[in-house]
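Participant:
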Amino acid sequence: MVAPEISVLMSTHNEEKYIKEAIDSILTQSFSNFEFVICNDHSTDNTLGILNDYGKLDNRIRVFDNTNKAGLQYSLNFGLKKCRGKYVARMDDDDISHLDRLERQYSFLEKNPSISLLGTNINFFDENGIYGSSRFKANPSIVDVWKGKTFCHPTMMFKLSDIREIGFYNQSDEVTRLEDYDCWCNFYYHGFKGFNLKDNLLDFREDSNSFKRRTNESRIKLVECMHKWLIRMKLKKSLNIFVLYEFMKIFVPSKLIQKYHQIVFYENQDR
17 MVAPEISVLM
27 STHNEEKYIK
37 EAIDSILTQS
47 FSNFEFVICN
57 DHSTDNTLGI
67 LNDYGKLDNR
77 IRVFDNTNKA
87 GLQYSLNFGL
97 KKCRGKYVAR
107 MDDDDISHLD
117 RLERQYSFLE
127 KNPSISLLGT
137 NINFFDENGI
147 YGSSRFKANP
157 SIVDVWKGKT
167 FCHPTMMFKL
177 SDIREIGFYN
187 QSDEVTRLED
197 YDCWCNFYYH
207 GFKGFNLKDN
217 LLDFREDSNS
227 FKRRTNESRI
237 KLVECMHKWL
247 IRMKLKKSLN
257 IFVLYEFMKI
267 FVPSKLIQKY
277 HQIVFYENQD
287 R
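Each residue of the sequence shown is one higher than the one before, starting from 17 at the first, in the numbering used here.
#1: Please go through the same chain and pick out, in chain order, the residues whose beta-carbon is closer than 8 Å to the beta-carbon of Gly-101, but skip the five residues on each side of it.
#2: What is the DSSP secondary structure of Asp-142, counted as helix, strand or coil?
#3: Round the Cβ separation of Ser-132 and Phe-174 to the nearest angstrom and send it over; I've been treating them as touching at under 8 Å.
#4: Using a Cβ-Cβ cut-off of 6 Å (strictly less than) and excluding sequence neighbours within five positions of Tyr-197, which residues of its own chain qualify?
#5: Per DSSP, what are the beta-bridge partners of Ser-23 in this structure?
#6: Taking DSSP's pairing of strands, which residues face Phe-220 in a bridge?
#7: Kindly list the residues whose CB is nearer than 7 Å to the CB of Gly-187, restricted to its own chain and excluding five residues on each side of it in sequence; keep chain order.
#8: Could you spell out the range, first to last residue, of the alpha helix (DSSP H) harbouring Lys-72?
#9: Assign Lys-33 to one of two classes, buried (16 or more other C-beta atoms within 10 Å of its C-beta) or exposed (fewer than that).
#10: Under 7 Å Cβ to Cβ from Asp-61, same chain only, skipping five residues before and after it: list those, please.
#11: Suppose you measure from the CA of Asn-68 to the CA of Ala-86; what does that come to, to the nearest Å?
#12: Excluding five sequence neighbours on each side, which residues of the same chain lie with their C-beta closer than 8 Å to the C-beta of Val-53?
#13: Any idea what DSSP makes of Thr-28, helix, strand or coil?
#14: Need the endpoints of the beta strand (DSSP E) that Ile-77 sits in, please.
#15: Starting from Met-173, trace the alpha helix (DSSP H) both ways and give me its first and last residue.
#16: Ordered along the chain, which non-local residues of its own chain (more than five positions away) have a Cβ less than 6 Å from that of His-114?
#17: Output needed for His-58: all residues of its chain with C-beta closer than 6 Å, excluding positions within five of it in sequence on either side, in chain order.
#18: Which of the three DSSP states is assigned to Ser-188 in this structure?
#19: Which partner residues does Ile-112 have in the DSSP bridge list?
#20: So the candidates are Val-191, Gly-207, Lys-209; which of them puts its Cα closest to the Cα of Glu-240?
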């Protein structure tokens with residue numbers, strides 16, 4: 017069997033409400049030479065049934081089912097070991113990829129072999145529709161990546177060989193809900209570079225439930241992870257001011273952070 021150029025990788029758990037939109041946005045891509053690796057992390061709703069139905073309709077879909085809930089990091093690593101493409105494109109189970117996302121990213125990476133990580137800008141949306149957009153740096157430095165908010169996980173496309181080289185995603189509990197930040201830091205630590213396409217090629221679901229999941233525990237883990245990478249990357253100690261900034265968010269109500277987030281990204285949309 018000839019390997020596809022791209023392996024689209026998705027992990028899902030109990031997302032029967034939105035997963036059809038996410039899957040359809042991949043199956044209708046202008047670029048068609050891909051496989052769709054989907055890891056069901058022991059869903060207890062009808063998610064697995066939906067996946068199996070899609071698998072019968074499109075042979076590019078390969079469904080794997082965890083017999084126990086293992087978590088996102090484990091599911092992504094399991095899926096990566098099943099991927100056969102030159103590139104891996106991440107996708108989340110509640111977001112929507114634009115029609116030409118895969119084509120645009122594939123073309124860029126083929127023309128720019130020095131780039132290992134490729135993201136795009138995004139539209140933020142909730143139950144009321146699109147409310148803003150991102151303005152990620154096109155060519156982030158190692159300090160930018162360390163500060164965070166440089167790449168959006170479900171937009172990322174990277175070389176399968178490169179993520180194998182860095183040891184896949186960290187499965188430690190220390191980076192639960194931070195696996196993407198930790199992974200990008202690890203890429204840069206190993207000398208790989210990333211880039212963001214300027215266009216918005218994915219609609220990113222960010223509603224009130226998204227902010228509720230950002231608990232104080234996860235913020236403390238982020239502070240600890242930033243401190244770890246500050247030391248490993250041998251960055252300036254003066255950058256600890258950004259660690260303090262993240263720590264102070266512990267004392268800010270999630271609704272206030274959500275409101276600030278919406279204002280900032282609404283302004284981005286109008287620029």
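We put the CB at the ideal spot given by N, CA and C, even for glycine.
The structure presented is a predicted model; accordingly, all values stated were derived computationally and were not measured.
Facilitator: Well, looking at it:
#1: Counting from one through the sequence shown, the residue named residue 101 turns up at place 85. Result list for Gly-101: Ala-19, Pro-20, Glu-21, Ile-22, Ser-23, Phe-50, Glu-51, Leu-176, in chain order.
#2: Along the sequence shown, read from residue 1 onward, the residue named residue 142 stands at position 126. Note: Asp-142 maps to strand in three-state DSSP.
#3: Numbered from 1 along the sequence shown, position 116 holds the residue referred to as residue 132. Numbered from 1 along the sequence shown, position 158 holds the residue referred to as residue 174. At roughly 6 Å, the Cβ-Cβ gap stays under 8 Å, so Ser-132 and Phe-174 are in contact.
#4: In the sequence shown, counting from the first residue as 1, residue 197 sits at position 181. If we look at Tyr-197 and ignore the five residues flanking it on each side, its Cβ neighbours are Gly-164.
#5: For the purposes of this step, residue 23 is taken as the residue at position 7 of the sequence shown. According to DSSP, which records beta bridges pairwise, Ser-23 is partnered with Glu-51, Val-104.
#6: Numbered from its first residue, the sequence shown carries residue 220 at position 204. Phe-220 pairs with Phe-140.
#7: Here the question's residue 187 lines up with position 171 in the sequence shown. The amino acid occupying residue 187 in the given sequence is Gln; Gly does not appear at that position. Closer than 7 Å at Cβ, skipping near neighbours: Gln-89, Tyr-90, Asn-93.
#8: Taking the sequence shown and counting its residues from 1, the one referred to as residue 72 is at position 56. Boundaries of the alpha helix (DSSP H) harbouring Lys-72: 63-73, taken from the DSSP string.
#9: Translated into positions along the sequence shown, residue 33 becomes position 17. It is exposed - the Cβ of Lys-33 has fewer than 16 other Cβ atoms within 10 Å.
#10: The sequence position of residue 61 within the sequence shown is 45, counting from 1. Hits under 7 Å: Asn-30, Glu-32.
#11: Along the sequence shown, one-based indexing puts residue 68 at 52. Along the sequence shown, one-based indexing puts residue 86 at 70. Approximately 20 Å, taken between the alpha carbons.
#12: As a working note, residue 53 is residue 37 in the sequence shown. Excluding residues up to 5 positions away in sequence, Ser-23, Val-24, Leu-25, Met-26, Arg-78, Phe-80, Gly-95, Lys-98, Cys-99 lie with their Cβ nearer than 8 Å to the Cβ of Val-53 in the same chain.
#13: On the sequence shown, position 12 is the one that residue 28 refers to. Here Thr-28 sits in strand by DSSP.
#14: In the sequence shown, counting from the first residue as 1, residue 77 sits at position 61. Unbroken beta strand (DSSP E) run through Ile-77: 77-81.
#15: Against the sequence shown, residue 173 aligns to sequence position 157. First-last for Met-173: 173-175, but that is the beta strand (DSSP E), not the alpha helix (DSSP H).
#16: The sequence position of residue 114 within the sequence shown is 98, counting from 1. Same-chain partners within the cutoff: Leu-217.
#17: Translated into the one-based positions of the sequence shown, residue 58 becomes position 42. Excluding positions up to five away in sequence, the list reads Asn-82, Asn-84, Lys-85.
#18: Numbered from its first residue, the sequence shown carries residue 188 at position 172. Residue state, collapsed to three classes: coil.
#19: Within the sequence shown, numbered from 1, the residue matching residue 112 stands at position 96. According to DSSP, Ile-112 bridges with Asp-219.
#20: In the sequence shown, residue 240 corresponds to position 224, counting from 1. The candidate whose alpha carbon is nearest that of Glu-240 is Val-191.
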